[in-house]
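Per mature numbering (1 follows the signal peptide of the UniProt record, and there is no 0), the sequence shown runs over residues -24 to -1, 1 to 697.
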Amino acid sequence: MVLLRIKCCLLLQQLLLLLLFSTAATNRTGATLSSLGNRGGDEGALLDFKAKISGHSGVLASWNQSTSYCSWEGVTCSKKHRWRVVTLDLNSQGLSGTISPAIGNLTFLLLLNLSINTLQGEIPPSIGSLRRLQGIDLTGNMLTGVIPSNISRCTSLRLMRISSNKQLQGSIPDEIGNMPSLAALGLYDNSITGTIPRSFGNLSQLTKLSLKNNNLEGSIPARIGNNPYLRFLQLSHNNLSGLLPPSLYNLSSLNMLSVGNNKLHGRPPPDLRKSLPSIQQFGIGRNRFSGPFPLSLTNLSSLQLLDIGFNSFTGVVPSQIGRLRNLNVLFLSTNMFEANNKEEWEFVSSLTNCSRLQVLAIERNRFAGELPSSVANLTTNLQLLRIHTNHISGFISSEIGNLASLEEIDFTSNLLTGVIPQSIGKLTQLNQVFLDSNNLSGIIPFSIGNLTGLSVLDANDNDLEGPIPPSIGNLTIISGLALSRNKLTGFIPNEIMELSSLSVILDLSHNLLEGPLPLGVGNLVNVEELWLSGNKLSGEIPDTIGNCRVLEILSMEDNSFNGSIPTTVKDIKGLTQLNLSANKLNGSIPEYGDGLAVSTYGDVFSLGITLIEMFTGRSPTNDMFTDGISLHHYAEVAFLDKVMEIADANIWLREGPNTSNDTRYITRIKECLSSVIQLGILCSKQLPTERLSMSNAAAEMRAIRDKYASTQQLSDVRSYQ
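Put into structure tokens, the structure is as follows:
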């Protein structure tokens, strides 16, 4: 009996083991079959994705069925769930075409990165099927349509970047506010319209939100201030209006607040130090904020960037601004800040404590009084200094040469006097120098030639004198040189004409320069505007001017050039404005522009001078036209009372017994001559914009012709009688 029981127990154990083994085998087989079944689905989805891409070179060349799709470039499969794709990363692969809806079949996908390509078409709504998706980046494509609302079904998403698709339109789906895991949301640089969803206040894990450069309007929802972990808030370059919600000032974790270029108004609160202890970038520029300088800003000890420019702030900039020891960038531009005495300029001295300062921009305010010498004591890390368009007087300190890192100085439109210091030559990092529209005097320092990295030098509208230093020829990458409306003398240095880098403008107009135009002018093969008017330049215009084939404006009027106009002018195909008036040139203007859209201001001037020349019988080069008297001026002074005195009698005095004593005939002829001379005067005005258009001049000539024809008929009738 005992043996029977033992045998039964052993049999039961064997049956149990067999059952367990069978169950395990079944589970393994089921899992294997499941993986094999999904294998075809993921591979098929990838092949369908490839089929929608234009051209299969590059990364997609490896996508073929001769190898496992898990080894295809940009594809990563799960280690736990074999054959299931978890990552599709094709960033910056030059892909074009559309995104296949089959992407929604990759249901194990954790990361989808198709950024920096040229993909077109709409974002497929099937993306909403990717419930496991944690990150999606479609930035930098050419996607159109709208953001599909069912993307909110991707409830595991932590990162969503669908930015820099300028044709992506529509509004932001409210449903995005229901994504509990979302930590970073970037929808910037699109064409999104509508308002910021209030539901964003539900994104309790959100740390970064960027919606800049869209067409959003309305107010900023106060509920955004409910996000306790928000560190980065960028809403600039939209059409947002209203006040900044007080709740934003209570985000103690906030590092960046950027809401510039909107229509916001109001005043920052007085206790920012307590509410924004971590703020590093505070940008509210280009809005409609007003009131005095927010003193509480000077308590933000971590602040690195402060931009309150382009608002309506008033009053004095407080000297406490020097407390911001970590400040890198300070924009106070285009407000109504004032400084009229040493005390009110004290803020500049306090900024010498900011050893990391790189940008100081205080232009377009109401600063007046003398520029404090402490400007030269600012940190040597300073790269940009803009004080233009104020009423600042005084002189430029020679100590400015200490600011060795300066890349741009802009002192335009002030009341600065004195000389340009020689020490400017120490600022070898300078790229742009703007000193125009001041009262600077003395010579242009020879040391300017040390600034070999200079791309722009503008010293227009000052009282500079003496010769142009040949050392300017060392500025071999300069694209714009403007020295007009000064008292510069001497010849134009040949070295300037060697600067083939000049591509924007060379303006030496309205000085006292003399001598010939150097033959080297033909080396300026890249310059678009050449202004030499209002000098004492003489001699013939060199044929080499025709080498300047990208010229659009050539202004050489009011000099003493003589001889004929070079035929090479016709080689300047893009010329839109040519002014050679008030010289001693003869001949005609060669055809230029090759039929392109050319301004007729130059041609209509030529017409005007030709009319006056024909009907007075005097040439513009006549010896009587000296000391500022031109053919145009001669005709203008004689018009109307002495028109018959200056007119060539051979034109109006006809042979025959009836004409010379015919009062009615003479009156009609005088009217015709007056009309012609007046037309010539109107067509040859000094300023091109004051001249008649060619179409109006032609219409006026037809009217004069018709009137003269009737006079001629009257004369013929009387002669017949």
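Cβ atoms here follow ideal geometry from the backbone N, Cα and C, with glycine treated the same way.
- Taking a C-beta distance under 9 Å as the contact criterion, Leu459 and Leu478 do not qualify as a contact pair.
- Spatial neighbours of Ala27 in its own chain (CB-CB distance under 8 Å, excluding positions within 5 residues in sequence) are listed in chain order as Ser76.
- The three-state reading of DSSP puts Phe581 in helix, counting H, G and I together.
- Pairing Leu451 with Leu327, the inter-Cα distance amounts to about 32 Å.
- Take the alpha-carbon of Arg174 and the one of Glu151: they are about 10 Å apart.
- By alpha-carbon distance to Ser217, the top candidate from Gln181, Ser295 and Gly236 is Gly236.
- For Gly97, the closest C-alpha among the options Gln145, Arg60, Leu135 and Val351 is that of Gln145.
- By alpha-carbon distance to Asp24, the top candidate from Met532, Asn81, Pro124 and Ala558 is Asn81.
- Membership of Lys55 in any alpha helix (DSSP H) is not indicated, and neither H nor E is assigned to it by DSSP.
- A distance below 9 Å separates the beta carbons of Pro245 and Pro222.
- Taking a contact as a CB-CB distance under 8 Å, the pair Ser309 and Gly285 counts as one, their CB atoms being some 4 Å apart.
- Ranked by how close their Cα comes to the Cα of Leu209, the residues Asn238, Asn126 and Leu187 have Leu187 in first place.
- If you ignore the 5 residues before and after Val35, its C-beta comes within less than 7 Å of the C-beta of Glu49, Gly50, Leu66 and Gln69, all in its own chain and listed in chain order.
- Within the segment 374 to 458, no complete alpha helix (DSSP H) segment of 4 residues or longer occurs.
- For Ala558, DSSP assigns no beta-bridge partner whatsoever.
- With the rule of 3 Cβ pairs closer than 8 Å, the segment 258 to 269 counts as touching the segment 286 to 294.
- A Cβ-Cβ distance of about 6 Å is found for the pair Asn304 and Leu281, placing them in contact under the 8 Å criterion.
- Partner residues in the beta bridge of Phe289, as assigned by DSSP, are Gly267.
- For Ala315, DSSP records a beta bridge to Phe343.
- The Cβ atoms of Ile424 and Ser455 do not sit closer than 9 Å to each other.
- By the criterion of a C-beta distance shorter than 8 Å, Ser140 is surrounded in its chain by Thr115, Gly116, Asn117, Tyr164, Asp165 and Asn166, once the five residues flanking it on both sides are discounted.
- One thing to note: Ile453 has its Cβ no nearer than 9 Å to the Cβ of Leu482.
- Distance from the CA atom of Leu224 to the CA atom of Ile200, rounded to whole angstroms, is 7 Å.
- In the same chain as Ser278, and ignoring 5 residues on each side of it, the C-beta atoms closer than 8 Å to its own belong to Pro253, Ser254, Ile255, Gln256 and Asn302, in chain order.
- Looking from the CA of Ile468, the closest CA among Lys512, Asn426, Asn438 and Leu192 belongs to Lys512.
- Annotation for Lys661: no beta strand (DSSP E) segment contains it, and DSSP assigns it neither H nor E.
- Of the other Cβ atoms in all chains shown, fewer than 16 fall within 10 Å of the Cβ of Phe422; this residue is therefore exposed.
- When only Cα atoms are considered, Asn438 and Asn263 end up about 34 Å apart.
- Non-local beta-carbon contacts of Asp247 in its own chain, meaning distances under 8 Å to residues more than five positions away in sequence, involve Ser272 in chain order.
- Distance between Val61 and Gln110, taken at the CA atoms: about 13 Å.
- Counting only residues of its own chain and dropping the five nearest sequence neighbours on each side, Met677 has a CB closer than 8 Å to the CB of Leu655.
- When rounded, the separation of the alpha-carbon atoms in Gly449 and Asn499 is 13 Å.
- The beta carbons of Ile588 and Ile653 sit closer together than 9 Å.
- Under the three-state reduction of DSSP, Ile680 is assigned to helix.
- Bounds of any alpha helix (DSSP H) do not take in Ser540; it lies within the beta strand (DSSP E) bounded by Ser536 to Ser540.
- Out of Thr131, Lys184 and Arg340, the CA that lies nearest to the CA of Phe387 is found in Arg340.
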